[in-house]
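**Q** In the working numbering, the protein residues as written are 1 to 549.
1. Could you tell me the boundaries of the alpha helix (DSSP H) in which residue 266 lies?
2. For residue 108, collect the residues of the same chain with a Cβ closer than 6 Å to its Cβ; drop the 5 residues on either side in sequence, then sort them by chain order.
3. Under 8 Å, do residue 37 and residue 193 count as touching if we go by C-beta distance?
4. What did DSSP end up calling residue 61 once you bin it into helix, strand or coil?
5. Start and end of the alpha helix (DSSP H) containing residue 521?
6. Who are the near neighbours of residue 483 in its chain, counting only those whose CB is closer than 6 Å to its CB and skipping five residues on each side?
7. Just grab the DSSP bridge partners of residue 73 for me.
8. Would DSSP call residue 130 helix, strand or coil?
9. Check whether the region 225-233 touches the region 68-75, counting contact only when three or more Cβ pairs, one atom from each stretch, lie closer than 8 Å.
10. Please confirm whether any heavy atom of the ligand GDP lies closer than 7 Å to the CB of residue 120.
11. Should residue 314 be labelled buried (16 or more other beta-carbon atoms within 10 Å of its own) or exposed?
12. Relative to the C-alpha of residue 223, which candidate in 343, 358, 203 has its C-alpha closest?
13. Closer than 7 Å by C-beta to residue 335: which residues in its own chain qualify, once you throw out the five before and the five after it? Chain order, please.
14. Given that a residue counts as buried once 16 or more other Cβ atoms are within 10 Å of its Cβ, and exposed if not, what is residue 587?
15. In chain order, what residues of the same chain lie with their CB nearer than 6 Å to the CB of residue 469, ignoring the 5 residues before and after it?
16. By the 10 Å Cβ neighbour count, where 16 or more other Cβ atoms means buried, how is residue 67 classified, buried or exposed?
17. Can you give me the C-alpha to C-alpha distance between residue 308 and residue 428, rounded to a whole angstrom?
18. Could you have a look at residue 347 and say whether DSSP puts it in helix, strand or coil?
19. Per DSSP, what kind of secondary structure is residue 473 in: helix, strand or coil?
20. Which one of 381, 265, 272 has the shortest CA to CA distance from residue 246?
21. Using a Cβ-Cβ cut-off of 7 Å (strictly less than) and excluding sequence neighbours within five positions of residue 266, which residues of its own chain qualify?
22. Does DSSP put residue 238 in a helix, in a strand, or in coil?
23. Please state the DSSP three-state secondary structure of residue 116.
24. Buried or exposed for residue 133, going by 16 or more other Cβ atoms inside 10 Å?
25. How big is the Cα-Cα spacing for residue 233 and residue 116?
26. Looking at C-alpha atoms only, which residue of 346, 400, 416 is the closest neighbour of residue 200?
27. Note down, one range per segment and in chain order, each alpha helix (DSSP H) of at least 4 residues found wholly within the region 381-436.
28. In angstroms with no decimal places, state the Cα-to-Cα distance between residue 35 and residue 92.
29. On the criterion of 16 or more Cβ atoms from any shown chain inside 10 Å, does residue 207 qualify as buried, or is it exposed?
30. Go through its chain and collect everything with a Cβ distance to residue 493's Cβ below 8 Å, but skip five positions before and after it.
31. Is it a yes or a no for the region 417-427 touching the region 369-376, going by three-plus beta-carbon pairs under 8 Å?
32. Apart from the five residues just before and just after residue 445, which ones in its own chain have a Cβ nearer than 6 Å to its Cβ?
33. Near residue 329, what residues of its chain come up, given a Cβ to Cβ distance below 6 Å and the 5 sequence neighbours on each side ignored?
34. Would you check if there are 3 or more beta carbon pairs closer than 8 Å linking the region 378-386 to the region 405-415?
35. Helix, strand or coil for residue 101? Go by DSSP, reduced to three states.
36. If you follow the alpha helix (DSSP H) that residue 323 is in, where does it begin and where does it stop?
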C-alpha cells in the first residue's frame with residue numbers, strides 16, 4: 001500500500017516555532033490523511049463493485065456457469081486484470097510527474113490540480129456505459145492519487161521541515177522539535193489513513209450491492225468526489241509553501257504566507273527570522289549541488305547503493321507479501337472459496353486492517369523497526385502457508401474449514417497492518433542522506449507503484465480457472481508465503497535497527513557497521529551520544545557531518 005510521507009528531521013529549532021498555529025498543524029495533518037483515504041478507498045471500492053450484479057451486467061457478458069457466477073454475468077481475466085491494475089499504472093505516472101508539477105504550479109495549487117484530475121477520473125467511471133471509458137477513468141483517478149501521494153507530504157514537510165517541527169509532535173508533546181522517538185509513529189499515520197479508506201469502501205459496497213439499478217456501483221464510485229472535494233476545498237484556504245515561494249524569488253509573498261501560520265505580522269522579527277532560516281536551508285541544499293539518479297547507486301563508504309536498493313526492495317517486498325490480493329480481489333476470493341457473504345467478510349478484514357495498524361504505530365518506537373519487520377514476515381509466512389493448505393485440502397462446502405481460512409486471513413492481515421504496512425514507509429523516510437533523499441524516495445515510491453501494478457495485473461491470470469489462466473485459486477497463497485519467507489531473509493541482511501536514532505546517527509551507522517550488527521552499534525550510539533547531533537545541528541552532507549564528529 002503505497003503513499004507514505006517522508007520522515008522529518010530530528011534536530012532542535014528556535015523558540016519562535018512554539019507560536020505556530022495548532023489549527024494549521026491539525027489542518028495539514030488532516031489533509032495528509034485525506035491523501036491516504038483517497039488511495040485506500042479507491043483500492044477497496046474496486047474489489048467490491050466488480051462483483052456487483054449491476055456492474056457485471058453493464059460491463060460483462062452472460063454466462064451459463066451459474067454455480068460459479070450466480071449473477072449470470074462475468075468478465076474475462078484480461079478485463080478484470082485491466083480494470084484493477086490500470087489505477088496503479090496511473091499512480092506510477094502521477095508520482096513521477098509530481099515533482100515537476102509541484103515546481104510549476106506550486107505545492108498548494110498542485111494539490112488542488114491533483115484533486116481535479118482525480119475528480120475527472122471519478123466522473124468518467126460514474127458515467128461510463130462502456131468498459132473503455134471506465135478504464136480511462138481509472139487512469140485519470142490513478143494520476144490524481146499519484147500526484148497527491150507526492151504533493152501532500154511535500155507540502156507538509158516544506159512547512160515544518162525547515163525548522164523541523166512536526167505538527168503532530170507540536171500538538172501532542174508541546175515540544176519545539178520533531179523528536180526522534182515519535183518520528184516513526186508520525187509517518188505511520190498515513191498508512192492508517194489508507195486502511196480507513198479501504199474499510200469505508202467495504203462498508204459502502206456492502207450497503208449498495210443489492211440495488212437493482214446502476215446506482216449500486218455508481219454511488220460507491222461517486223462518493224469519492226467528497227474526498228477530493230474536502231482536500232481541494234481545505235487547501236484553497238491554506239497558504240502556499242513559503243519555501244516554494246522563496247525558491248521562486250517571491251520573498252514578500254513568502255512573508256505573507258508564513259505570517260498566516262505564525263499569527264505574527266509579516267514584518268515581525270519572528271517571521272523575518274524564520275524566513276532567513278528557510279533561505280539558509282535552501283542555500284545549503286544548493287551548495288551540495290544537484291544529484292543525479294546515478295548518484296543513488298554509487299558504492300561508497302556511505303553505502304549509498306545499499307541504502308537506495310534497500311528502499312526500492314522494501315517497497316517491492318511490501319507488495320509481494322500479497323496484501324493487495326486481499327484488498328483488490330478479496331471479495332472474489334472469498335466468493336470462490338464458498339463463503340456466502342463475501343462483502344461482509346471484506347468489512348471484517350477492513351476492520352482488522354484499521355485496528356491492527358494502531359499497535360504498529362505504537363510498537364514501532366517501542367520494539368523497533370527491524371524486530372517488527374522480522375516478526376511480521378514470519379507471522380505472514382506461516383499464515384499464508386496455512387491458508388494455502390486449507391484451501392487445497394477442504395471443499396467449499398466445509399463450513400468449519402472456511403471459518404478457519406477466514407480466521408487465518410485475518411491473522412495474516414493483522415501481522416501486515418502492524419508491521420510491514422507502516423514500517424516500510426518509515427524505513428524509506430529514514431535511511432537516505434540529504435544529497436539523494438528526494439531522488440531515492442522517488443525511486444522507492446515508484447517501486448511500490450510498479451509492483452502494485454504488476455501484482456494487480458497478474459493476479460487474475462494466476463487465480464482464475466479459464467483458458468489462458470493458471471487456475472491456482474487459493475493455491476496462490478503458496479506463492480505469497482514464499483515471498484514472505486524472502487522478506488525474512490531480506491530484513492535480516494539489509495535492514496538496520498534505526499529506532500531512537502537521529503537521521504545523522506543513521507548516516508553514521510551505515511558508514512561504520514552492517515545491518516546485521518546494527519543493534520549493537522545503535523546501543524553504542526545512544527549510550528555515547530554525540531554533540532554533533534544535539535542542539536542546533538542542521539542538515540549537512542555526510543562528509544561534512546563526519547568532519548564535525
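A virtual CB, placed ideally from N, CA and C, is assigned to each residue, including glycine.
**A** Once the coordinates are examined:
1. The sequence position of residue 266 within the chain shown is 266, counting from 1. Neither: residue 266 is in no alpha helix (DSSP H) and is coded neither H nor E.
2. Working through the chain shown from its first residue, we reach residue 108 at position 108. Excluding residues within five positions, the ones whose Cβ falls inside 6 Å are 235, 240.
3. On the chain shown, position 37 is the one that residue 37 refers to. On the chain shown, position 193 is the one that residue 193 refers to. Taking 8 Å as the Cβ cut-off, residue 37 and residue 193 qualify as a contacting pair.
4. Residue numbering aside, residue 61 sits at position 61 when the chain shown is read from its first letter. It is a strand residue.
5. Against the chain shown, residue 521 aligns to sequence position 521. Under the DSSP assignment, residue 521 falls in the alpha helix (DSSP H) whose first and last residues are 518-528.
6. What you label residue 483 is simply residue 483 of the chain shown in a count that begins at 1. Setting aside the 5 residues that flank it on each side, residue 483 is surrounded in the same chain by 320, each with a C-beta closer than 6 Å to its C-beta; the list follows chain order.
7. Within the chain shown, the letter at position 73 stands for residue 73. The partner list for residue 73 (beta bridge, DSSP) reads 62.
8. As a working note, residue 130 is residue 130 in the chain shown. Coil.
9. The answer is no - the region 68-75 does not touch the region 225-233, with fewer than three Cβ pairs under 8 Å.
10. This structure does not include the ligand GDP; it has no bound ligands of any sort.
11. As a position in the chain shown, residue 314 is number 314, starting the count at 1. Classification of residue 314: buried, given that the 10 Å Cβ count is 16 or more.
12. Here residue 223 refers to the residue found at position 223 of the chain shown. Out of 343, 358, 203, 203 has the C-alpha closest to the C-alpha of residue 223.
13. Position 335 of the chain shown holds residue 335. The residues are 51, 342.
14. The shown model of the chain, from 1 to 549, leaves out residue 587, and the question about it has no answer.
15. Residue 469 sits at position 469 when you count from the first residue of the chain shown. Around residue 469: 77, 461.
16. Translated into the one-based positions of the chain shown, residue 67 becomes position 67. Exposed is the call here.
17. Position 308 of the chain shown, counting from 1, holds the residue named residue 308. Position 428 of the chain shown, counting from 1, holds the residue named residue 428. Each residue's Cα considered, the two are about 9 Å apart.
18. Counting from 1 along the chain shown, the entry for residue 347 is found at position 347. Looking at residue 347 - three-state DSSP - the assignment turns out to be helix.
19. For the purposes of this step, residue 473 is taken as residue 473 along the chain shown, with counting starting at 1. Under the three-state reduction of DSSP output, residue 473 falls in the helix class.
20. As a first step, residue 246 must be located in the chain shown, where it is residue number 246. Of the listed residues, the one whose Cα sits closest to residue 246 is 272.
21. To locate residue 266, count along the chain shown from 1; it is residue 266. These residues qualify, in order along the chain: 255, 256, 259.
22. Translated into the one-based positions of the chain shown, residue 238 becomes position 238. In the structure shown, residue 238 sits in coil (DSSP, three-state: anything other than H, G, I, E or B).
23. Walking along the chain shown from the start, residue 116 turns up at place 116. Taken through DSSP and simplified to helix, strand or coil, residue 116 comes out as helix.
24. One-based indexing of the chain shown puts residue 133 at position 133. Residue 133 should be labelled exposed.
25. Residue mapping note: residue 233 aligns to position 233 of the chain shown, counting from 1. Residue mapping note: residue 116 aligns to position 116 of the chain shown, counting from 1. One Cα belongs to residue 233, the other to residue 116, and the distance between them is close to 11 Å.
26. For the purposes of this step, residue 200 is identified with residue 200 of the chain shown, where counting begins at 1. Comparing alpha carbon positions, the residue from 346, 400, 416 closest to residue 200 is 346.
27. With a minimum length of 4 residues, the unbroken runs of alpha helix (DSSP H) contained wholly in the region 381-436 fall at 399-418, 420-430.
28. Here residue 35 is taken as the residue at index 35 of the chain shown, counted from 1. Here residue 92 is taken as the residue at index 92 of the chain shown, counted from 1. Looking at the backbone, the Cα of residue 35 and that of residue 92 are separated by about 15 Å.
29. Stepping through the chain shown from its first residue, residue 207 is reached at position 207. By the neighbour-count rule (16 or more Cβ atoms within 10 Å), residue 207 is not buried but exposed.
30. Position 493 of the chain shown, counted from the start, is the residue given in the question as residue 493. Excluding positions up to five away in sequence, the list reads 515, 516.
31. Touching, yes.
32. On the chain shown, residue 445 is found 445 positions in, with the first residue counted as 1. Excluding sequence neighbours, residue 445 sits near 95.
33. As a first step, residue 329 is located in the chain shown; it is residue number 329 there, counting from the start. So the qualifying residues of the chain are 459.
34. In short, these stretches touch, since the Cβ pair count reaches three.
35. Translated into positions along the chain shown, residue 101 becomes position 101. Here DSSP, grouped into helix, strand and coil, assigns residue 101 to helix.
36. Translated into positions along the chain shown, residue 323 becomes position 323. Counting along the chain, the alpha helix (DSSP H) containing residue 323 begins and ends at 323-336.
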